[in-house]
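Numbering (the working numbering), first residue to last: 23 to 355.
As structure tokens, the structure follows; a few thoughts come after it.
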Ligand code: KG4
Ligand code: ZN
């Protein structure tokens, strides 16, 4: 039995979790800093690092408490070491290395996106492979073919804004506050998705996406028709985003012969995206895996799960290894 403490501080969530043998989640504690960044309309790196510093020890203590464990029972300490905000990453990496040193146990540095992929196995260890995974959050929009743990190929991604970033920018334009995703999701449910015919960016150009033009299109539409109900604009914007994401996810699935469609990242909480991906899976005879939101957004459980696999494959990470804000996903294929 291997008990792993997983720590995540790459962006604006301070999170820690205890996971046994890579699959058994004993606790999963997430302290979000969303309120601290809300008045700036986005994540402020310096504020994020300071908040991580203030929160990290308490979050780790709560994760152990929730798991009814003591530090002495931890066999491995893992943390996200990239990609992410440099100062934010350093807080989790330093905490994990200090604990590993004191406890005399291995430290494992984890790739943040690899961890997001592991959320699928946490939700369903038996998920049918290959999977076509859409990782979609405020920081990334990636289409990944997954043949197994450590066997990933990135087949597409955004050429400019991430989808979550587009939600946040459009929400700001519409005066809806931050983060934009949940409020647009809610308002869109009451609006008409056909009210405004926003273009579907790069729909038939491979597996990449572009969302920055869509934000500009919303700004122009607002100027032209200031009296149009906001719910209709939200629904139309969301339909353009979801159409594009679902179309490219199906393209990814075709390219890799995927048996299962999978969502990950904060935008995976979107109700319309979840419904449309489930429909697309059913229509093409594939399975679908929509991990619960606590495993989709940044969390410590996925870090511990990815660390379990990495430790088995590569062994511990040296303690002189630092944080790498621009770390790339190790790809094969
Ligand atoms: O994964 P996450 O918590 O943090 C990172 O960006 O790494 O994702 C946050 C993003 C924000 O852009 C937020 O607006 C978006 O996820 N989001 C949503 C929804 N809930 C959160 N976007 C669309 N619909 C939602 N229901
Ligand atoms: Zn993330």
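Using N, Cα and C, we set each Cβ at its ideal position, and we do this for glycine too.
Please read these numbers as outputs of a predicted model, since none were measured by experiment.
- In this structure, DSSP gives residue 275 a helical state, which the three-state scheme calls helix.
- Between the alpha carbons of residue 138 and residue 250 lies a gap of roughly 38 Å.
- In chain order, 231, 232, 233, 235, 236, 266 place their CB closer than 7 Å to the CB of residue 223, counting only its own chain and leaving out the 5 sequence neighbours on each side.
- Check the Cα spacing between residue 277 and each of 229, 42, 34: the tightest is with 229.
- Relative to the non-hydrogen atoms of ligand 2, the Cβ of residue 346 never comes closer than 8 Å to any of them.
- Secondary structure in the region 219-263: the alpha helix (DSSP H) runs of 4 residues or longer, each lying completely within the stretch, are 234-246 in chain order.
- The region 310-317 and the region 119-129 do not touch, with fewer than three beta-carbon pairs separated by less than 8 Å.
- Following the DSSP letters along the chain, one finds residue 84 inside the alpha helix (DSSP H) bounded by residues 67-88.
- A distance below 6 Å between beta-carbons, with the five flanking residues on each side excluded, links residue 69 to the following residues of its chain, in chain order: 58.
- Taken from the Cβ of residue 183, every heavy atom of ligand 2 lies 8 Å or farther away.
- When the Cα atoms are used, residue 128 and residue 44 turn out to be separated by approximately 15 Å.
- Beta-bridge analysis with DSSP links residue 26 to 41, 98.
- For the options 35, 151, 46, 64, the alpha carbon positioned closest to that of residue 82 is the one of 35.
- The alpha-carbon separation between residue 269 and residue 133 amounts to approximately 27 Å.
- Secondary structure in the region 125-150: the alpha helix (DSSP H) runs of 4 residues or longer, each lying completely within the stretch, are 134-145 in chain order.
- The closest heavy atom of ligand 1 lies 8 Å or more from the beta carbon of residue 133.
- Taking 8 Å as the cut-off, one finds no heavy atom of ligand 1 near enough to the beta carbon of residue 251.
- If you check the C-beta of residue 256 against ligand 1, you find no heavy atom less than 8 Å away.
- Counted as a single uninterrupted DSSP element, the beta strand (DSSP E) harbouring residue 165 occupies residues 163-170.
- Contact annotation: the region 282-300 touches the region 193-212, with at least three C-beta pairs closer than 8 Å.
- With respect to the 9 Å criterion, residue 286 and residue 256 are not classified as neighbours on the basis of their beta carbons.
- Taking the C-beta atoms as reference points, residue 64 is found nearer than 9 Å to residue 190.
- Contact between the region 192-202 and the region 296-304 is absent, with fewer than three C-beta pairs closer than 8 Å.
- In this structure, DSSP gives residue 324 a helical state, which the three-state scheme calls helix.
- Beta-bridge annotation (DSSP): residue 175 is paired with 167.
- Shown here, residue 114 sits in a helix according to DSSP, grouped into three states.
- Between ligand 1 and residue 293, a heavy atom-to-CB distance of less than 8 Å is present.
- Taking residue 23 as the centre and dropping the five residues before and after it, the same chain places the C-beta of 42, 43 closer than 7 Å to its C-beta, in chain order.
- In this model, residue 252 and residue 213 are separated by some 8 Å (Cα to Cα).
- Rounded to whole angstroms, the separation of the alpha carbons of residue 239 and residue 344 is 41 Å.
- Taking C-beta atoms as the reference points, residue 334 and residue 323 fail to come closer than 9 Å.
- Going by beta carbons, residue 296 and residue 150 fall outside the 9 Å limit.
- Look at residue 36: its beta carbon is at least 8 Å from all of the heavy atoms in ligand 1.
- Close CB contacts of residue 78 within its chain, under the 8 Å cut and outside five residues either way in sequence, are with 29, 31, 36, 38, 113, 114, 117 (chain order).
- Judged by DSSP in its simplified three-state form, residue 160 adopts coil rather than helix or strand.
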